[in-house]
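Those letters in the sequence shown? Residues 873 to 1025, per this note's numbering, in order.
For glycine and all other residues, C-beta sits at the position ideal for the given N, C-alpha and C.
Structure first, then comments.
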Amino acid sequence: MAITDKIYLRDHRRIVSQLETRIPKRVFAGATLDVIFNGERFDQLDDATRDCLLGFSRDFMDCGCEGAPFCGHPEEAFIMYLLELRADGYTPEEIVDVMGAEYRLSAYPGDVLTFLDDAVRGLEAIESLAGVEGNSTMRERAQRHRADLVSGR
Ligand SMILES: [Zn+2]
């Protein structure tokens, strides 16, 4: 399962009760994305909750695709967000704290750690493949990204 399938709305119960709509706790579930993207019944939310959901929508769903928010870009943008936090030196626990403070999202630090390890292994695979193919530019890029991800660990 992708890391984006393991990101949850921290205030799920309150959101469901204020919106009077049953949506899954997973923020990247289709029905949840749909409600956030359309801002459906957002006038029923308290200000802080509404601001968080609008922030999420603005930061991860503004790709402008006709098929948004089901085009894959929100997931991609969120994965970039996680990788950038890691590159800034945040631990998995701190990354979970940051997403909680910024978007009231939650995740298990262990899931974030697994995701980061997989990302590092993916970059290692790109590095060795690029090495075999003699693509030194790609190899160096992968190396640099991997160095960013493992720093501070
Ligand atoms: Zn898109």
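Under DSSP, R993 forms no beta bridge with any residue.
Here R1016 is not near A1002, since their CB atoms are 8 Å or more apart. In this structure, the straight-line span from the alpha carbon of A959 to that of V1022 is close to 8 Å.
Secondary structure within the region 938-1011: the alpha helix (DSSP H) runs of 4 or more consecutive residues, fully enclosed, are 945-959, 964-975 and 981-1005 (chain order).
Judged by DSSP secondary structure, L891 falls within the alpha helix (DSSP H) whose first and last residues are H884 to L891. Inclusion of D989 and I875 in the CB contact set at 8 Å is not warranted, their separation being larger than that value.
Closest in alpha carbon position to G994, among C943, E938, F928 and L955, is L955. At a threshold of 7 Å, H1017 does not count as near ligand 1, since its beta carbon sits no closer than that to any of the ligand's heavy atoms. Taking all protein chains in view, the Cβ of S889 is surrounded by fewer than 16 other Cβ atoms within 10 Å, so the residue is classified as exposed. Listed by position along the chain, the residues with Cβ atoms less than 5 Å from a non-hydrogen atom of ligand 1 are C935, C937, A940, C943 and H945. Taking all protein chains in view, the Cβ of M933 is crowded by 16 or more other Cβ atoms within 10 Å, so the residue is classified as buried.
The bridge partners DSSP lists for R922 come to none.
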